[in-house]
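Peer 1: In terms of the numbering used here, the sequence shown is residues 1 to 605.
The beta carbon of each residue, even a glycine, is placed where N, CA and C say it ideally should be.
These numbers were taken from a predicted model, which means no experiment stands behind them.
Quick one: the structure is below, questions incoming.
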Amino acid sequence: MPTPLEILQRVYGYKRFHPLQEQVIDHVLGGNDALVLMPTGGGKSLCFQIPALCKEGLTLVISPLVALQRDQTSALKSNGVAAAVLNSTQSAGESEAVLADIASGKLKLLYISPEKLFSGGTAARLPTWNVGLIAVDEAHCISFWGHDFRPEYTQLGRLRQILPGVPLIALTATADPAIRRDILSQLSIEEDSVFQSSFDRPNLHLSVLPGQKRFERLQGFLKDHPGQAGIVYCLSRAGTEDLAEKLSRLGYKADAYHAGLSTEVRHNIQDAFLKDETTIMCATVAFGMGIDKSNVRWVVHWNLPKNLEGFYQEIGRAGRDGLPADTLLFYSYADVAGQLKFLEDANPERRDLLTAKLERMKQYAEAFICRRRILLSYFGETLEKDCGHCDVCENPPETFDGTVTAQKFLSAVYRTQGRATLRHCALILRGSHAQEVVEPGWHDLKTFGVGKDLKFEEWMEYGTQLINAGYAAVAYDRGMSLQLTALTIPVLKGEKTVPLVKYVSFEEKKAEAPKPKVAAADGDPDLFDHLKLVRKKLADEYDVPAYVIFSDKTLKDMASKVPQNSLEFRQVHGVGEVKAESYGAIFLRAIQDFKSRHEEYQGGR
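Given below as structure tokens:
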């Protein structure tokens, strides 16, 4: 049999392996199971395709989508590999032809969905197929904790009984620690058989812009990417069609793609994009899984995604060739409200999980720390330094040495032994005797009450910053409890300093600030007028009087103080917790938009 390197060069035309590929291939060829975690574009498919061509027998590839199966088998056939699909869209004659090829031993790889595998007697035939390797693609679909949970995937553990002794390789580009543990458990893979490459995609630039005037902003973005292929992800089917129509009217080669289209239409649209006949694809999340188009130069999210897993997977469709690519997320609180509405009908446990993950997505959008650190920490990967290649790093906020604050918080995480949530740690540090603190005995910890100098809200804010920077991790499969990371102990030992963005309480700000002059209190009249327009748009959207959103007095104070982040926004007169949550991001982005168009304006800061 040829060696893996010979197959790589001869069949695929590549000179050398990507990092980790060769180790995985050798491991699998040794008859071992594996869980492979690689980013989109990292070469996951070769980790099972090359072993399939190096060994005797059929490799059974479990794949969730017909389009994905078709694309991968087409690519394999174009390389001269005997591959086929067995799915429900085939005629009886087509299925019989595939089964005949399996029986004769002609096929090397068979792509099949879990639904097809466990229906119509297919599973009963498996022992007769001379299966030498099982590959579970998009393995995160097996996990209840994942963003793309597919119940039919949970049956795949049965393959261990049906095909005993056959090595199994599971692969995914998006799995946080909770999902990882679930995959290992359900597929009976040992912990020491996990292969993980970095999830970092340094060629991707990360940025967020306010959701207001999205179309105008998108036009500006497209002018910076003339003729380049890109994807705009929209929340709704109607949204994809509306946006594609608007862009087409402006002369762009744009089309819409969503699950409501017929299979034939989707196939034609996808092919046009792959062939560069269409350069802009306005799509729902139904588009992109398994699309091997390497020259996508940008990805835009028209709406806030449901979670960071989905967001990461979708931006990963840009720059697969390793060349620079841009990602842009439009964000407004209305997007959050829309996503929360979708969750209303979910069962309580699932709803709590999805709400927590949506909150992390929101934190990414509102971040004033390196966005790449937030993204990587979510997947359990630590970044020692800020990336310098996101909009926050390019325009960083002021920070202070928060090492002592971080040590107190992380000590609470350490001493609660992975059982306390962010809220619990804040209560412990504040010295609260709430039942949720006393019942587990946390009031006896050395860290109990050591943070009384800070308010509960401050500890929640600083804890969130530490989680997003990778100093602690949220275990979604363990009641959202906080866990230690590789960065925790060096901080506790005083070997590492931690910068934090300062939280300024309303009371402190009020006590320190001198009484402003009347003219200064009104702030810039043009900014005030701009904020009134934003308020009117919101009032019209929610069908309420303008003052219900914010009073003129609040807008004038906003125009005077010119808040730059959510903490400063809370210092504005008339802004309470609920309104800060509901409208803060919208008005902060409006202020940033105004400032970007009036660069000479300093706002008295």
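Which residue from 432, 19, 568 and 266 puts its Cα closest to that of residue 461?
Peer 2: Ranking the options by Cα distance to residue 461, first place goes to 568.
Peer 1: Taking the straight line between their C-alpha atoms, what separation do you get for residue 34 and residue 164?
Peer 2: For residue 34 and residue 164, the distance between alpha carbons rounds to 16 Å.
Peer 1: Tell me whether residue 435 is buried or exposed, calling it buried when 16 or more other Cβ atoms sit within 10 Å of its Cβ.
Peer 2: Exposed, by the Cβ-count rule.
Peer 1: Please confirm whether residue 533 has its beta-carbon closer than 7 Å to some beta-carbon of chain D.
Peer 2: Of the protein chains in this structure there is only one, and it is not chain D.
Peer 1: So if DSSP puts residue 339 in a beta bridge, which residue, or which two residues, is it bridged to?
Peer 2: According to DSSP, residue 339 bridges with nothing at all.
Peer 1: Identify, in the order they occur along the chain, each residue of the same chain with its Cβ nearer than 6 Å to the Cβ of residue 487, setting aside the five sequence neighbours on each side.
Peer 2: Around residue 487: 382, 470 and 471.
Peer 1: Of all the alpha helix (DSSP H) runs that stay within the bounds of the segment 366-398, which reach a length of 4 or more residues?
Peer 2: Fully enclosed alpha helix (DSSP H) runs of 4 or longer: 371-378 and 391-394.
Peer 1: Taking the C-alpha atoms as reference points, what is the distance between residue 95 and residue 83?
Peer 2: Cα to Cα, residue 95 sits roughly 13 Å from residue 83.
Peer 1: Grab me the residues of residue 178's own chain with a C-beta within less than 8 Å of its C-beta, minus the 5 sequence neighbours each way, in chain order.
Peer 2: Cβ neighbours of residue 178 beyond the five flanking positions: 143, 145, 475, 476, 477 and 478.
Peer 1: Jot down the residue ranges of each uninterrupted alpha helix (DSSP H) in the segment 426-505, minimum 4 residues, whole runs only, in chain order.
Peer 2: Taking only runs of at least 4 residues, the alpha helix (DSSP H) segments lying wholly in the segment 426-505 are 435-438, 456-468 and 488-492.
Peer 1: Can you look up residue 47 in the DSSP assignment and give me helix, strand or coil?
Peer 2: DSSP places residue 47 in helix when its eight states are reduced to three.
Peer 1: Just mark residue 360 as buried or exposed, buried being the case when its beta carbon has 16 or more other beta carbons within 10 Å.
Peer 2: Classification of residue 360: buried, given that the 10 Å Cβ count is 16 or more.
Peer 1: If you check the beta carbons only, do residue 584 and residue 560 fall under 7 Å apart?
Peer 2: Not closer than 7 Å, so no.
Peer 1: Provide the residue span of the beta strand (DSSP E) that contains residue 230, from first to last.
Peer 2: Residue 230 -> beta strand (DSSP E) spans 229-233.
Peer 1: If contacts are defined as beta-carbon pairs under 8 Å, then residue 87 and residue 112 qualify, I think. What distance do you get, rounded to the angstrom?
Peer 2: 7 Å between Cβ atoms; contact.
Peer 1: Tell me the DSSP secondary structure of residue 207 in three-state form.
Peer 2: Residue 207 falls in the strand class under three-state DSSP.
Peer 1: What number of angstroms, rounded off, separates the C-alpha of residue 541 from the C-alpha of residue 576?
Peer 2: Each residue's alpha carbon lies about 21 Å from the other.
Peer 1: Residue range of the beta strand (DSSP E) that residue 559 falls in?
Peer 2: Where residue 559 is concerned, there is no enclosing beta strand (DSSP E), although the alpha helix (DSSP H) it sits in stretches over 552-561.
Peer 1: Determine, using beta-carbon pairs with one atom in the segment 340-348 and one in the segment 315-323, whether at least three such pairs fall under 8 Å.
Peer 2: No, they do not touch.
Peer 1: Within 10 Å of its beta-carbon, does residue 463 have 16 or more other beta-carbons around it, so buried, or fewer, so exposed?
Peer 2: Label assigned to residue 463: buried.
Peer 1: Can you name the start and end residues of the beta strand (DSSP E) that residue 530 belongs to?
Peer 2: Element bounds for residue 530: not the beta strand (DSSP E) but the alpha helix (DSSP H), 525-542.
Peer 1: In whole angstroms, give me the CA-to-CA distance for residue 586 and residue 211.
Peer 2: Residue 586 and residue 211: Cα-Cα distance of roughly 8 Å.
Peer 1: Going by alpha carbons, who is nearest to residue 126 out of 158, 154 and 140?
Peer 2: For residue 126, the nearest C-alpha among the options comes from 158.
Peer 1: Using 10 angstroms around the beta-carbon of residue 78, count the other beta-carbons present and answer buried if the total reaches 16, otherwise exposed.
Peer 2: By the neighbour-count rule (16 or more Cβ atoms within 10 Å), residue 78 is not buried but exposed.
Peer 1: When you compare the segment 368-387 with the segment 198-209, are there three or more beta-carbon pairs, one atom per stretch, that lie closer than 8 Å?
Peer 2: In short, these stretches touch, since the Cβ pair count reaches three.
Peer 1: Can you grab the Cα-Cα spacing for the pair residue 213 / residue 141, in whole Å?
Peer 2: Approximately 36 Å, taken between the alpha carbons.
Peer 1: With DSSP collapsed to three states, give me the class of residue 580.
Peer 2: If DSSP states are grouped into helix, strand and coil, residue 580 belongs with the helices.
Peer 1: Measuring CB to CB, does residue 403 end up less than 7 Å from residue 497?
Peer 2: Their beta carbons are under 7 Å apart, which means residue 403 touches residue 497 by this criterion.
Peer 1: Can you list, in chain order, the residues of its chain whose CB lies under 6 Å from that of residue 147, leaving out five sequence neighbours each side?
Peer 2: Counting only Cβ-Cβ distances below 6 Å, and skipping sequence neighbours, we find 307, 309 and 310.
Peer 1: DSSP state of residue 598, grouped into three classes?
Peer 2: If DSSP states are grouped into helix, strand and coil, residue 598 belongs with coil.
Peer 1: Ordered along the chain, which non-local residues of its own chain (more than five positions away) have a Cβ less than 7 Å from that of residue 465?
Peer 2: Cβ within range, chain order: 369, 500 and 501.
Peer 1: Note the first and the last residue of the continuous alpha helix (DSSP H) segment covering residue 27.
Peer 2: It spans 21-29 - the alpha helix (DSSP H) in which residue 27 sits, taken as one unbroken run.
Peer 1: Could you have a look at residue 513 and say whether DSSP puts it in helix, strand or coil?
Peer 2: Here residue 513 scores only 30 on pLDDT, less than 50, and its place in the model should not be relied on; the value that follows carries that caveat. If DSSP states are grouped into helix, strand and coil, residue 513 belongs with coil.
Peer 1: Under 8 Å: do the segment 4-24 and the segment 91-105 share three or more Cβ pairs, one atom per stretch?
Peer 2: They do not touch, by the three-pair rule.
Peer 1: Taking residue 29 as the reference, which of 10, 42, 234 and 1 has the closest Cα?
Peer 2: The candidate whose alpha carbon is nearest that of residue 29 is 1.
Peer 1: Where do the ends of the alpha helix (DSSP H) carrying residue 160 lie?
Peer 2: From DSSP, the alpha helix (DSSP H) with residue 160 extends over 159-162.
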